[in-house]
Amino acid sequence: MNGFVHLNVHTEYSLLRGLCRIDELVERASALGMDAVAMTDLGVMYGAVEFYKKAKAAGIKPILGCEVLVARGSLRDRQLRGETPYRLVLLAENLAGYRNLLKIVSEAQLDSGGTLPCTDKQALKRHREGLIALSSGLEGEVAQKIQQGDLLAAEHTANEYAAIFGKDNFYLELQDHGILEEKQVVQNLVQLSYKVNLPLVVTNAVHYLQQDEAAVQDVLACIREGRTIGEENRPRLLTDQYYMKSDAEMTELFSHFPEALHNARKIADRCHVELNLNETHLPAFDLPPGYTEQTYLAHLCEQGAKVRYGDPGPEVWERLRYELDVIGSMGFAGYFLIVWDFMRFAHENGISTGPGRGSAAGSLVSYVLRITDVDPIKFNLLFQRFLNPERISWPDIDIDFEFERRGEVIEYVTGKYGADRVAQIVTFGTMAARAAIRDVGRVLDLPQSTVDKTAKMVPHFLGITIEKALADADFQKYYQTDAQVRKLVDTARQIEGLPRHTSLHAAGVVISKAPLTEYVPLQRGAEGGVVTQYSMEVLEDVGLLKMDFLGLRYLSLIDQTIEIVKQTEGRQIRFSELEMEDPKTFELLCRGDTDGCFQLESSGVKHVLRELRPSTFEDIIAVISLYRPGPMENIPTFIKAKHGEVAVRYPHPDLQPILEDTYGVIVYQEQIMQIASTMAGFSLGQADLLRRAVGKKKRDVLDEQRAIFVDGCLQKGYGEQLAHEVYDLIVRFADYGFNRAHAAAYAVLAYQTCYLKANHPAAYMAALLTSVMMSSHKVAQYVDDARRMSIGVLPPDVNKSAYRFTVENGKIRFGLLAIKNVGVAAIQSLVQTRRKQPFGDLVDFCERVDARSCNKKAIESLIRAGCFDELHGNRRAMLLALEEAVEQGRVKQKEHDDSQISMFGMMEGQGEQKKREFVLPETSDYSLRERLEMEKELLGLYVTGSPLTPYRRLLEQIADKRMIELADTPDGAMVTVCGMLRQAKKIQTKKGARMAFLEVEDTTGLAEVVLFPEVFKRSEPMLDAEVIAVRGRLQQRGDEVKIIAEQIKALEPEAAGEHEGIPANDARLSGDASQQGQPVVYLRIRPEDEPRLAELQQVITSFHGTLPVLLFYTATRKARELSERYAVAMTPQFVAAAERILGQGAVVKKMRRN
3 MNGFVHLNVH
13 TEYSLLRGLC
23 RIDELVERAS
33 ALGMDAVAMT
43 DLGVMYGAVE
53 FYKKAKAAGI
63 KPILGCEVLV
73 ARGSLRDRQL
83 RGETPYRLVL
93 LAENLAGYRN
103 LLKIVSEAQL
113 DSGGTLPCTD
123 KQALKRHREG
133 LIALSSGLEG
143 EVAQKIQQGD
153 LLAAEHTANE
163 YAAIFGKDNF
173 YLELQDHGIL
183 EEKQVVQNLV
193 QLSYKVNLPL
203 VVTNAVHYLQ
213 QDEAAVQDVL
223 ACIREGRTIG
233 EENRPRLLTD
243 QYYMKSDAEM
253 TELFSHFPEA
263 LHNARKIADR
273 CHVELNLNET
283 HLPAFDLPPG
293 YTEQTYLAHL
303 CEQGAKVRYG
313 DPGPEVWERL
323 RYELDVIGSM
333 GFAGYFLIVW
343 DFMRFAHENG
353 ISTGPGRGSA
363 AGSLVSYVLR
373 ITDVDPIKFN
383 LLFQRFLNPE
393 RISWPDIDID
403 FEFERRGEVI
413 EYVTGKYGAD
423 RVAQIVTFGT
433 MAARAAIRDV
443 GRVLDLPQST
453 VDKTAKMVPH
463 FLGITIEKAL
473 ADADFQKYYQ
483 TDAQVRKLVD
493 TARQIEGLPR
503 HTSLHAAGVV
513 ISKAPLTEYV
523 PLQRGAEGGV
533 VTQYSMEVLE
543 DVGLLKMDFL
553 GLRYLSLIDQ
563 TIEIVKQTEG
573 RQIRFSELEM
583 EDPKTFELLC
593 RGDTDGCFQL
603 ESSGVKHVLR
613 ELRPSTFEDI
623 IAVISLYRPG
633 PMENIPTFIK
643 AKHGEVAVRY
653 PHPDLQPILE
663 DTYGVIVYQE
673 QIMQIASTMA
683 GFSLGQADLL
693 RRAVGKKKRD
703 VLDEQRAIFV
713 DGCLQKGYGE
723 QLAHEVYDLI
733 VRFADYGFNR
743 AHAAAYAVLA
753 YQTCYLKANH
763 PAAYMAALLT
773 SVMMSSHKVA
783 QYVDDARRMS
793 IGVLPPDVNK
803 SAYRFTVENG
813 KIRFGLLAIK
823 NVGVAAIQSL
833 VQTRRKQPFG
843 DLVDFCERVD
853 ARSCNKKAIE
863 SLIRAGCFDE
873 LHGNRRAMLL
883 ALEEAVEQGR
893 VKQKEHDDSQ
903 ISMFGMMEGQ
913 GEQKKREFVL
923 PETSDYSLRE
933 RLEMEKELLG
943 LYVTGSPLTP
953 YRRLLEQIAD
963 KRMIELADTP
973 DGAMVTVCGM
983 LRQAKKIQTK
993 KGARMAFLEV
1003 EDTTGLAEVV
1013 LFPEVFKRSE
1023 PMLDAEVIAV
1033 RGRLQQRGDE
1043 VKIIAEQIKA
1053 LEPEAAGEHE
1063 GIPANDARLS
1073 GDASQQGQPV
1083 VYLRIRPEDE
1093 PRLAELQQVI
1103 TSFHGTLPVL
1113 LFYTATRKAR
1123 ELSERYAVAM
1133 TPQFVAAAER
1143 ILGQGAVVKK
1153 MRRN
């Protein structure tokens, strides 16, 4: 076929440069009548295989290429690093060229030393076979020399590239995008072509498909550069001509260069790459002499079976033989040996591994090899769900390792198979709907309020698109009535879904039998490791072995708990010796007291546990399987059947053995397979194919499978009506059924965490807090849980705290790593220093702890967090003296260093200087409220007390949700929360009505509360309260959670006796002021306070609000109400300031009696 072929095309994988989505690129090429098209992304090959497959499927020849960056000299010349590289287009003529392209791109990414990923001419010489090179556009080296006016250098460069690739394989590239410089370069290139006898080729540097997409591509460039569209002198494509032009347009544009036009077709005809996507590249396992992979695997399984079962019975041997036969016939013995080997390394090195994940837990081979820890025979798990002999596909064994040591296993695999054969796997972050709107809004320099409002109109649901969001009537109206918004949304729609950046797959590792660059391009990850440029799905296409090495926090948590129990109780817990029947564990499950327990801590699951009241391990497996969208609808039936409230029904008595553990409800995919096997005579392999087929919900497939199933049932003597009814059940549950093997494995971890929490609560909560110590809101949640469990939580202490949370006499001691501004080096120095002797006071600490590791800011944070509270002095005194203490410590440490340098210092008359006496200043401490706020700032929560402590019982009676639980609560649910009123922002609507936005905080977190005008009008007198209760409807908008208030009540602390003569009312909720009186603030004035009343007046006027103030004089026991201009806002800051003058407990808010 004749006609122009585009050889310079930047797709979506030229991140934030190309706008050509691969699907649309292939579609556009086909619409233009082109039978071939190239892909030449800048410096990368992310999309090469995807492009290859989609082009082939559309009947278009894929030309695989890359526009590489070529260094100005050798990459070894560090003086040249940082200079702008040249560009060069490389096209793979054949498979050898494709593989060389992989190597060039990989070496550029891996060896550029942190600069732009460049290749150099030496690398091009090494890997030139099978490649055709084009000189690129204005940024190519030949064109650059021409623009500099150095035609001799241009000639030399052209000859240099011709020498590297061969005269027939290097083309001078002609481009015309309407730029003056291009026209000048084209003239010189034509003359150069005649002079040095090199061919010309016409290209258009395609960055988008249609001409009207130029503005969108410009937005994309601004996102990449962090610029706005109005900025001048920014990197950009200067015209709107970088689109995919038709053959006619290109012929008209370059009518004077017919041979150069034809050369594009000629090059396309030369390029012919056939990728072998059916071959696998599994590394060979290093076998002992005399074994094959199959016989060695069988040997290991025989040994493992004896370890697992002692004296295995016939059932074990029979199943083992069957599984080994299937594994051998499918060619997977080597795969299992590789997995066994790195699992053996983990076990031998004390690295905890999970009980299993996914369908692999259904394999007896996996169990006896210690790849998994769930007995598939005991738990009735099906091997065919994992490996189906009637559907050959690679096994997928995902492994959980303890989070902190996952990297050691990857290092082991890398060392065993070679650093050039192991890599982690790339993933692509794409522009989600909201992010696209925000990015475009920034580039267009639109008002932030407009961008925020538009973005928030897109729900934060999985899979949401702008198109779907526009189905909302309010969004559609906003879009239609505001031209600015319309432009914002329309532009965002065009970039939505494009890859924005690369990142590292959370678990994926790829292992190859040959250097990876034979099959896949590589790059450096953010942390310096080697990462594939092909995604996980593409790696499977090119036949590479992918495994998931997952880091699971709960494995570390279990290990730490067991270690704490061993240290504090002298007991070694071994779960392998325990039956899963512990009464305390099931009591905890029945209470739903599963915060911090694996897979069981959402509010919804806890509700199910309370209703179900689990009594067996099977119940835990079922809960994990049922609590998901879809199967949830069966939970009420399941619960009623378990408790005998409804009769358990089976479609046929023959199905009772399959369904009795789940009370007649189909819960697991394996049950579907067993039903098909029992009733229709399917093999379990055939039954797995049926399960997969009906899950696709295609009408023709459903009808076909129905006929096969019903026919099988009839042959086994079942009635036709029953057969159809059971098939309908299978179709209904095919989507909902959960993988029982996966659920059983995860139920093991769930049980273990519940067991530890129920039997060793302090140890478990300490380990749990350590596992989340970098998340202050999680620490706050679990500290709150610990206190609910009557476990005391002790503040951090320089002499007693460790890095992590620890157990001390049954209480939890706060860990030092959880303190903000205090790094690992400071803690390391602190812990090492105190081993010799505990710290005596602040100056002792400053003199002994390495000042280079623990600076003044860190020490200040330790003081403010309460770490020195057990030593002499209070926090205020220590902070006032800190400067002097640090200086004295510096001098002492310098003297010590000097004495180390000069061993004869004393002999030279440098007698030891007399130590200055250090005395803390005499001063009162901060108020309790101020100290608590310091703790909140540095620890994320209150430790030594809480402003909510006087309200604790009241809050427990009123609140039905803690703030931390709101995210797990369904949208639209009515909730009641209680907490401190942190902020009240009052605004006026466009109609003149007043409303407010509140921030309310309990011990677990913060919630935003919205008071619309009607509620605000009723509730305004309560907005000066310190602690309030809010009842309202929850509004979930993705990550944003708000409460739309319907009622606000001010809360009073529980009476703790008399406050120096101020009557303490019974603790109660206060409703609307019009009904129950008005809140007022009492200030206790003792005789010694009267000289400071002027100071108090300044504090009162600084916190103006709406609450009346009464001064209660203890000497006369009389109260005096101040005028309205002295009304205050009862904020924590006001209380702290007033109590600094009047003393702790001098400020109380009560309701004025009518």
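All the letters of the sequence shown, read from the start, carry residue numbers 3 to 1156 under the numbering used here. Beta carbons: idealized from backbone N, C-alpha and C, even for Gly. All values derive from a computational prediction rather than experimental measurement.
(request) Can you give me the Cβ contacts of residue 888 inside the same chain, cut-off strictly under 6 Å, excluding the 5 residues immediately before and after it? (result) Short of 6 Å from the beta carbon of residue 888, and not among the five residues preceding or following it, lie these beta carbons of its own chain, in chain order: 848 and 858.
(message) Assuming residue 267 and residue 4 are in contact, meaning their beta carbons sit under 8 Å apart, how far apart are those beta carbons, in whole angstroms?
(response) The pair is a contact, with the Cβ atoms about 6 Å apart (cut-off 8 Å).
(message) Taking a contact to mean a Cβ-Cβ separation below 8 Å, would you say residue 715 touches residue 591 in this structure?
(response) When the beta-carbon positions are compared, residue 715 and residue 591 stay at least 8 Å from each other.
(message) Going by beta-carbon coordinates alone, are residue 457 and residue 440 separated by less than 8 Å?
(response) Yes, these two residues count as a Cβ contact at 8 Å.
(request) Round the Cβ separation of residue 821 and residue 940 to the nearest angstrom and send it over; I've been treating them as touching at under 8 Å. (result) At roughly 6 Å, the Cβ-Cβ gap stays under 8 Å, so residue 821 and residue 940 are in contact.
(request) Within its chain, find whatever has a CB closer than 6 Å to the CB of residue 525; leave out the 5 residues flanking it on each side and keep chain order. (result) 111, 533 and 535.
(request) Give the straight-line distance between the Cα atoms of residue 588 and residue 618, rounded to the nearest whole angstrom. (result) Spanning the two alpha carbons is a distance of roughly 8 Å.
(message) Helix, strand or coil for residue 505? Go by DSSP, reduced to three states.
(response) Strand at residue 505.
(request) Provide the residue span of the alpha helix (DSSP H) that contains residue 713, from first to last. (result) Looking at the DSSP string, the run of the alpha helix (DSSP H) that includes residue 713 is 701-717.
(message) Are the CB atoms of residue 931 and residue 949 within a distance shorter than 8 Å?
(response) In this structure, residue 949 sits near residue 931, with a CB-CB distance shorter than 8 Å.
(request) Classify residue 976 as buried or exposed, calling it buried when 16 or more other Cβ atoms lie within 10 Å of its own Cβ. (result) For residue 976, the number of other beta carbons within 10 angstroms of its own is below 16, and it is reported as exposed.
(request) Kindly indicate which three-state DSSP category residue 665 falls into: helix, strand or coil? (result) Correct three-state label for residue 665: coil.
(request) Please classify residue 512: does DSSP put it in a helix, a strand, or coil? (result) Correct three-state label for residue 512: strand.
(request) Mind reading off the beta-carbon distance from residue 513 to residue 423? Whole number of angstroms is fine, and I expect it under 8 Å. (result) Rounded, the Cβ-Cβ distance is 6 Å, consistent with contact.
(message) To the nearest angstrom, how far is the alpha carbon of residue 1070 from that of residue 1053?
(response) The pLDDT assigned to residue 1070 is 31, lower than 50, so where the model puts this residue is not dependable, and the model offers no usable value.
(request) Sort 148, 53 and 1108 by Cα distance to residue 1022 and report the nearest one. (result) Per the Cα distances, 1108.
(request) Could you pull the start and end residues of the alpha helix (DSSP H) that residue 675 belongs to? (result) 671-682 is the extent of the alpha helix (DSSP H) around residue 675.
(message) Looking at the strands, I want to know which residues DSSP matches up with residue 1035.
(response) Residue 1035 pairs with 976 and 1046.
(message) I want to know whether the stretch 561-571 touches the stretch 443-454 - three or more CB-CB distances under 8 Å.
(response) Between the stretch 561-571 and the stretch 443-454, the count of C-beta pairs closer than 8 Å stays below three; the two stretches do not touch.
(message) DSSP has residue 990 in a bridge; who is on the other side?
(response) Its beta-bridge partners are 996.
(request) Determine the extent of the alpha helix (DSSP H) in which residue 149 is found, giving its start and end residues. (result) Unbroken alpha helix (DSSP H) run through residue 149: 143-149.
(message) Taking the alpha carbon of residue 209 as the reference point, which residue from 13, 143 and 141 has its own alpha carbon closest?
(response) Nearest of 13, 143 and 141 to residue 209, Cα basis: 13.
(request) Just mark residue 443 as buried or exposed, buried being the case when its beta carbon has 16 or more other beta carbons within 10 Å. (result) By the 10 Å Cβ count, residue 443 comes out buried.
(message) On the criterion of 16 or more Cβ atoms from any shown chain inside 10 Å, does residue 817 qualify as buried, or is it exposed?
(response) Result: buried.
(message) Classify residue 522: buried if its beta carbon has 16 or more other beta carbons within 10 angstroms, exposed otherwise.
(response) Flag for residue 522 reads buried.
(request) Evaluate contact between the stretch 1034-1048 and the stretch 967-986, counting only Cβ atoms and requiring at least three cross-stretch pairs below 8 Å. (result) Three or more pairs of CB atoms, one per stretch, sit closer than 8 Å, so the stretch 1034-1048 contacts the stretch 967-986.
(request) Take residue 672 as the anchor and find which of 728, 611, 653 and 739 has the nearest alpha-carbon. (result) Residue 739 is the option with its Cα nearest to residue 672.
(message) With the cut-off set at 8 Å, would you say residue 283 and residue 557 are in Cβ contact?
(response) Taking 8 Å as the Cβ cut-off, residue 283 and residue 557 do not qualify as a contacting pair.
(request) Have a look at residue 493 and residue 42 and give me their C-alpha separation to the nearest angstrom. (result) Approximately 25 Å, taken between the alpha carbons.
(request) For residue 107, count neighbouring C-beta atoms within 10 Å of its own C-beta (all shown protein chains included) and say buried if the count is 16 or more, exposed if not. (result) Buried, by the Cβ-count rule.
(message) At the level of alpha carbons, what is the spacing between residue 572 and residue 765?
(response) Cα to Cα, the separation comes out at about 12 Å.
(message) Pull the bridge partners of residue 429 from the DSSP assignment, please.
(response) According to DSSP, residue 429 bridges with 505.
(request) Whole angstroms is fine: what's the gap from residue 419's alpha carbon to residue 744's? (result) Put simply, the backbone Cα of residue 419 is about 29 Å away from that of residue 744.
(request) Verify whether the separation of the beta carbon atoms of residue 548 and residue 285 is less than 8 Å. (result) Cβ distance not < 8 Å, so residue 548 and residue 285 don't count as in contact.
(request) Note down the Cα distance separating residue 404 from residue 934, rounded to an integer number of angstroms. (result) Take the alpha-carbon of residue 404 and the one of residue 934: they are about 35 Å apart.
(request) Leaving out five residues on either side along the sequence, give the residues of the same chain with a beta carbon under 6 Å from the beta carbon of residue 1. (result) The structure shown does not extend to residue 1, since the chain is modelled only from 3 through 1156, so no value can be given for it.
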